[in-house]
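One structure is given here, and the rest of the page talks about it.
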Amino acid sequence: MSMKFLRRAAIAGVFVLAASTWSTSAVAGAFAEETPAATAPPAASDAAETAAPETEAPETEAPESEAPATEAPAESATSSEVDDPETPAAAEPAPEIVVSIPEVDLEGPAIAEVEVTVSNDSSEKMSSVVVSFAGPVGWQVVPSSQKVDSIKPGRDQSATFQIRVPEKRPGFALRVFTSTVAYKGGDGAGSATGVRAMPTTPPTDSLPTLFNNVGITALSQTTAGNFDGEGNTFSAEQLAAVGAAPGAQLEALGATLTMPSSQPGTADNVTAAGQALRISGQGQRLVFLGSGSSLGATGTATVFYTDGTTSSGAIGFPNWSFHDENAHGAELAISTNGRNRPSGYGDAAYQYRMFAHSVPLTAGKTVDFVVLPTNSSMHIFSIAVAP
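Taking mature numbering (1 follows the signal peptide of the UniProt record, and there is no 0), I'd label the letters of the sequence shown as residues -28 to -1, 1 to 359.
Here it is, written out as structure tokens:
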């Protein structure tokens, strides 16, 4: 019995050490990732400023702390002893310390006041609480951090900061604000981070407003479009033959996607260039219907939620012909025979296709808008939320 007790104590000690190490890394990581929140132009904001919201990434390291459980396969260990070290992971899916950042007034030049709230939903008191706050690179914050009173279970505390907001630049850009709280007690994690991302101008309300390319033409006007840079396009007649006429609805990856209602020969898709599009809803994933005009039609789509948080994912479309239909993780949605050339319909022996791809959505959150990838060879015809 004494040896079994010592073995359990040793395993528990490993987990205490791992949890402590991870907590320190999480605090450091939260500050290290603040730098990418630059005041980038719209095309770069997807890569630069949206990096900051991914301060949640350290959470993915937590399961690695379970690695010491592999030490438990000692032949004398029972199944209950093997399960014991795994119990700390059960608390991680539901964070108990919440850091909330309100909307920030972006009308500058001005000094804006920001009140950050830390809520303790754990069963233990939080002590030695220090709250820090940062905005985009170059935006001065006073103070950068401050200590607040201990927070009892079920209560919250606020810390007020002042931030210098510069004059607003024309065009769309994202401004990312991050607050990190370091503490003792509480849920035992040692730190928690809140992020709010705000657009400087409202996102576009509808996808057709963003359409900037003609990818579908009719036999009567095959010179009206240019999907691939060589004047070739999808055939409206061939699309209709497979159920993809203007306004038709298609099912893909759990979503109902609507074909553009544009008349053939008019703008019917958007080439991705970091545009922001208003989309509302909750669901499992955000689904894109599109096609590639090159072999490298890939990029990152970033989803913004109504609470100011974000999530992102990689999407990609295979080339519309002569490319593996599952390239980049896509799923075939539409396949037609032939295409329209400037000289007329041709290449009937070959398939020209559209695909579906998606990014996951955070459960329970409402989508506010999405920032498209930055890759002009990605042609997007439709977007929808899969419930």
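Quick reminder that beta carbons are idealized off the backbone N, C-alpha and C, glycines included.
Heavy atom of the ligand NAP within 7 angstroms of residue i beta-carbon
{"i": "aspartate 77", "result": "In the structure on display, the ligand NAP does not appear, and there are no ligands present to speak of."}
Which of helix, strand or coil DSSP assigns to residue i
{"i": "valine 285", "result": "Here residue 285 is glycine; the residue named in the question, valine, does not match the sequence. It is a strand residue."}
{"i": "tryptophan -7", "result": "Low per-residue confidence applies at tryptophan -7: pLDDT is 33, beneath 50, and the placement is therefore not dependable, though the value from the model is reported in the following sentence. Helix, per DSSP."}
{"i": "residue 375", "result": "Outside the shown range of the chain (-28 to 359) lies residue 375, about which nothing can therefore be said."}
{"i": "leucine 261", "result": "strand"}
{"i": "serine 117", "result": "strand"}
{"i": "serine 99", "result": "strand"}
{"i": "serine 233", "result": "coil"}
{"i": "alanine 299", "result": "helix"}
{"i": "glutamine 112", "result": "coil"}
{"i": "glutamine 254", "result": "coil"}
{"i": "glycine 191", "result": "Residue identity check: residue 191 is leucine in the sequence provided, not glycine. Leucine 191: helix per DSSP, three-state reduction."}
{"i": "asparagine 198", "result": "coil"}
{"i": "leucine 249", "result": "strand"}
{"i": "valine 76", "result": "coil"}
{"i": "serine 37", "result": "Because the pLDDT of serine 37 is 38, which lies under 50, any placement of that residue in the model is unreliable, and the question is left without a value."}
{"i": "arginine 136", "result": "strand"}
{"i": "alanine 106", "result": "strand"}
{"i": "alanine 227", "result": "strand"}
{"i": "serine 130", "result": "strand"}
{"i": "serine 163", "result": "strand"}
{"i": "threonine 205", "result": "strand"}
Run of the alpha helix (DSSP H) containing residue i, from where it starts to where it stops
{"i": "threonine 181", "result": "179 to 182"}
{"i": "leucine 211", "result": "208 to 213"}
Boundaries (first-last residue) of the beta strand (DSSP E) holding residue i
{"i": "alanine 224", "result": "221 to 224"}
{"i": "leucine 146", "result": "146 to 157"}
{"i": "glutamine 323", "result": "316 to 332"}
{"i": "alanine 245", "result": "242 to 245"}
{"i": "valine 343", "result": "339 to 343"}
{"i": "valine 90", "result": "82 to 92"}
{"i": "isoleucine 69", "result": "69 to 72"}
{"i": "isoleucine 352", "result": "346 to 358"}
Spatially closest choice to residue i from the options, by CA coordinates
{"i": "glycine 143", "options": "Phe260, Gln247 and Ala82", "result": "Gln247"}
{"i": "residue 364", "options": "Val114, Leu211, Ile69 and Gly110", "result": "Because the chain in this structure spans residues -28 to 359, residue 364 falls outside the shown range and cannot be described."}
{"i": "threonine 243", "options": "Ala320, Gly162, Ser349 and Lys337", "result": "Ser349"}
{"i": "glutamine 221", "options": "Val71, Ala84, Ser178 and Ser354", "result": "Ser354"}
{"i": "serine 100", "options": "Gly288, Ser122 and Ser252", "result": "Ser122"}
{"i": "valine 214", "options": "Glu297, Gln193, Ala286 and Thr308", "result": "Thr308"}
{"i": "alanine 217", "options": "Ala224, Ala321 and Gln235", "result": "Gln235"}
{"i": "glutamate 79", "options": "Ser117, Ser116, Arg141 and Thr132", "result": "Arg141"}
{"i": "serine 263", "options": "Phe294, Gly255 and Thr238", "result": "Phe294"}
{"i": "glycine 226", "options": "Ala245, Val186 and His329", "result": "His329"}
{"i": "leucine 333", "options": "Phe341, Arg257, Ala356 and Leu267", "result": "Arg257"}
{"i": "glutamate 223", "options": "Glu139, Ile306, Pro314 and His300", "result": "Ile306"}
{"i": "serine 72", "options": "Phe341, Glu87 and Thr238", "result": "Glu87"}
{"i": "valine 357", "options": "Ser95, Val120 and Gln254", "result": "Gln254"}
{"i": "serine 117", "options": "Trp111, Gln323, Val102 and Pro108", "result": "Val102"}
{"i": "tyrosine 322", "options": "Ser207, Asp340 and Val339", "result": "Ser207"}
{"i": "valine 148", "options": "Val137, Arg168 and Tyr324", "result": "Arg168"}
{"i": "glycine 318", "options": "Gln210, Thr89, Pro67 and Gly219", "result": "Gln210"}
{"i": "threonine 238", "options": "Thr89, Thr189 and Ala164", "result": "Thr189"}
{"i": "threonine 195", "options": "Arg325, Pro314, Ser283 and His351", "result": "Pro314"}
{"i": "glutamate 303", "options": "Ser192, Thr132, Ala106 and Phe260", "result": "Phe260"}
{"i": "tyrosine 324", "options": "Asn291, Gly301 and Val331", "result": "Asn291"}
{"i": "glycine 138", "options": "Val120, Ala299, Trp111 and Ala335", "result": "According to the sequence as given, residue 138 is proline; it is not glycine. The option with the nearest alpha carbon to proline 138 is Trp111."}
{"i": "serine 265", "options": "Gln134, Pro67, Val153 and Val186", "result": "Val186"}
{"i": "threonine 165", "options": "Gly336, Pro67, Gly301 and Asp340", "result": "Pro67"}
Identity of the residues DSSP links to residue i by a beta bridge
{"i": "asparagine 291", "result": "Gly264"}
{"i": "proline 171", "result": "Leu146"}
{"i": "asparagine 185", "result": "Asn241"}
{"i": "alanine 273", "result": "Gly285"}
{"i": "asparagine 309", "result": "Gln323"}
{"i": "threonine 176", "result": "Leu249"}
Closer than 8 angstroms to chain D by CB, residue i
{"i": "glutamate 75", "result": "Absent here is chain D; the protein component of the structure consists of one chain."}
- Query: Does the region 181 to 197 touch the region 114 to 134, meaning 3 or more C-beta pairs lie closer than 8 angstroms?
  - Reply: no
- Message: Measuring CB atoms only, is the region 154 to 168 touching the region 218 to 231, in the sense that at least three cross pairs come out at less than 8 angstroms?
- Response: no
- Query: Per the contact definition of three or more C-beta pairs closer than 8 angstroms, is the region 200 to 207 in contact with the region 269 to 287?
  - Reply: no
- Message: Contact between the region 265 to 276 and the region 338 to 347 is defined here as three or more beta-carbon pairs at a separation below 8 angstroms; is this criterion met?
- Response: yes
- Is the number of C-beta pairs between the region 170 to 180 and the region 246 to 261 that are closer than 8 angstroms three or more? yes
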